[in-house]
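Residue 398 in numbering that gives the first Met the number 0 sits at position 399 of the first sequence; the count goes up by one each step and never skips. All C-beta atoms in this analysis are idealised placements derived from N, C-alpha and C, irrespective of residue type, glycine included. If you're wondering where the values come from, they're calculated on a predicted model, not measured in any experiment. First the structure, in the form of structure tokens, and then the observations on it.
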Amino acid sequence: MLDPKLLRSDPDAVAANLAKRGFKLDVAQLSSLEEARKKWQVRADELRNEKNVHAKSVGKAKAQGQDIAPLLKQVETLGSELAAAEAEFAKVQAELEKITLGLPNMLHESVPVGADETANVEIRRWGEPRKFAYKPLDHVELGEKLGQMDFAAAGKISGARFSVLTGPLARLHRALIQFMLDLHTGEHGYRETYVPYLVNAQSLTGTGQLPKFEADLFGIKGESGLYLIPTAEVPVTNLARDTIIEANELPIRYVAHTPCFRSEAGSYGKDTRGMIRQHQFEKVELVHLSKPQDSYAEHETLTRNAEEVLKRLNLPYRVMALSSGDIGFGSAKTYDLEVWLPGQEAYREISSCSNFEAFQARRMQARWRNPETGKPEPLHTLNGSGVAAGRALVAVLENYQEPDGSIKVPEVLKPYMGGLDVIRRP
RNA sequence: GGAGAGAUGGCCGAGUGGUCGAAGGCGCUGGACUGGAAUUCCAGUAACAUCCUCACAGGUGUUCCAGGGUUCGAAUCCCUGUCUCUCCGCCA
């Protein structure tokens, strides 16, 4: 949610910023609703004040044993007038909320302007893509040759966009997750958290998935109103919902490993092959809560911490600053990490690190106490994958493949693999 | 799954229709005392929305788990829901 005060005081500046995303803000509609809001809110407040004053005088009169009948007569019509004003106010409020919850975040000035991902800007690059003497296989061929990746079985059990891993490959997947968690908790100072995988609508509204992107989520049948999490960002960031955090506790850095569930509505035909785009995948997520003045420094730190995973795994990657046309709904600035996949001969997204500024915090009333003002103010939230485990597995398979179809185990993962050096067909 | 109890300010806790935004305590902040501190004493100490204002200050409204209802008036009465605790059952 955008700062309502800014939206009111300078809607044209907001509109200009959102226009960079290709989002058209109807300033005229907004200001007329705003005018109506003010009118009805003030009116309802006045009527309520009148009511309170009357009720008090009735109480006093009664305490003094006076006849209260004439006083009661005075307020006869107040009730219905008040109800009418309240109804109008509620109507206007609901309309305004519908609009404001649907507004994307304003972009940081450093975000490159462009229509789509072709306008993304490469910030830096690490590692050299390996030269193969043969045409490298992709992870699907490698996994099936090993006999440890089975899409047919997954299709039978669940359907498309699921996978089954077995044996050392399943262990490699788990090893990646353990390695990432240990790195972030042990060396980067993150607090490990275990959180629910089913969340309520309020949490999803807080982080911005609802109300606009319900189609991307899996909802649970029945009365519970719960949804499967599309990312750990949702439960972890909502830890701060409806809380006031003292300044000396910030920044807070959480890491969590969770499965993620996405309906992938609207991505039909995209990445249908292999494990790149699944309904269920594992991810290690980094979440920062920060003072507003520190959030861009935190954003750099978070991104570097995610990059460190790829460096330790010796996977070539590049860092992209997402353009205004490609960036997510709630983000003010996003870096994507793209890992080199020899099987596709392309860099593919493996992590997305975003600064949401106060966008999520305002939706979820996540605040910190600013010592300068003594008042609770929205804090800044950030998150990034550190990194997606499914895609990391894909990257390891493709980058560490040998001509015979076996997979060398990356050095840092060996302790997690019981000392296994190479994954072969059993 | 069955039975019962409960949810009040940062925390504990009183309040069962009117002057209650809410006693008292703790904590915190400021002041007095002191060479300095502890003790003691005095004072202050919620959030949200909104109006006015350059700002400070101030006005109004809302909030005693949430939503609805009764009433001129609700922390207090009624209904629904959520959560927590205790006991029984069942289980990882």
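Residues sharing a beta bridge with residue i, DSSP
i	result
residue 244	367
residue 332	354
residue 258	281
residue 377	366
residue 427	With the chain covering only 0 through 425, there is no way to say anything about residue 427.
residue 318	123 and 336
residue 148	164
residue 347	338
residue 252	287
residue 406	400 and 422
residue 191	254
residue 382	286 and 353
Proximity to residue i [Cα-Cα], best of the options
i	options	result
residue 391	310, 288 and 100	310
residue 257	232, 293 and 246	232
residue 111	223, 32, 334 and 346	334
residue 387	200, 176 and 270	176
residue 187	279, 300 and 211	300
residue 423	413, 410 and 405	405
residue 249	84, 288 and 194	288
residue 496	279, 136, 57 and 83	Residue 496 lies beyond the residue range present for the chain, which begins at 0 and ends at 425; the question has no answer from this structure.
residue 193	284, 204, 55 and 58	284
residue 352	331, 371 and 372	331
residue 214	265, 400, 272 and 86	265
residue 150	272, 52 and 261	272
residue 197	184, 20, 183 and 217	217
residue 106	16, 152, 346 and 220	16
residue 116	20, 89, 38 and 372	20
residue 84	315, 39, 30 and 286	39
residue 157	113, 277, 304 and 401	277
residue 3	98, 89, 74 and 67	98
residue 200	376, 152, 93 and 363	363
Residue i (DSSP reduced to helix, strand or coil)
i	result
residue 280	strand
residue 123	strand
residue 421	strand
residue 49	helix
residue 110	coil
residue 400	strand
residue 287	strand
residue 132	coil
residue 211	coil
residue 38	helix
residue 105	coil
residue 16	helix
residue 173	helix
residue 272	coil
residue 427	What is shown of the chain runs 0 to 425, which leaves residue 427 out entirely.
residue 387	strand
residue 186	coil
residue 304	helix
residue 23	coil
residue 65	coil
residue 157	coil
residue 231	coil
residue 76	coil
residue 11	helix
residue 87	helix
residue 266	coil
Supposed close pair residue i, residue j - CB separation, criterion 8 Å
i	j	result
residue 179	residue 308	5 Å
residue 91	residue 189	Their Cβ separation, rounded to whole angstroms, is 44 Å, which puts residue 91 and residue 189 out of contact at 8 Å.
residue 207	residue 131	Not really, about 41 Å apart at Cβ, beyond 8 Å.
residue 342	residue 138	6 Å
residue 160	residue 263	6 Å
residue 95	residue 36	6 Å
residue 77	residue 57	Not a contact, Cβ separation roughly 12 Å.
residue 146	residue 414	With 8 Å as the limit, residue 146 and residue 414 do not qualify as a contact, their Cβ atoms being about 25 Å apart.
residue 50	residue 81	6 Å
residue 274	residue 389	5 Å
residue 419	residue 408	6 Å
residue 204	residue 210	7 Å
residue 1	residue 13	6 Å
residue 398	residue 170	No, residue 398 and residue 170 are not in contact; Cβ-Cβ is about 18 Å, not under 8 Å.
Problem set entry | Validate contact between the stretch 307-324 and the stretch 374-382 using beta carbons, cut 8 Å, 3 pairs | no
Problem set entry | the stretch 222-239 / the stretch 110-126 touching (three or more Cβ pairs under 8 Å) | no
Problem set entry | At least three beta-carbon pairs within less than 8 Å, the stretch 334-351 to the stretch 392-402 | yes
For this session: Could you say if the stretch 345-363 and the stretch 292-300 meet the contact criterion of at least three C-beta pairs nearer than 8 Å?
Result: yes
For this session: Could you tell me whether the stretch 96-108 touches the stretch 18-33, using the rule of 3 or more Cβ pairs below 8 Å?
Result: yes
For this session: Count the C-beta pairs between the stretch 360-368 and the stretch 240-252 that are closer than 8 Å, then say yes if the count reaches three, no if not.
Result: yes
Exercise. Any chance the stretch 161-169 sits against the stretch 212-227, with 3 or more Cβ pairs inside 8 Å?
Worked result: no
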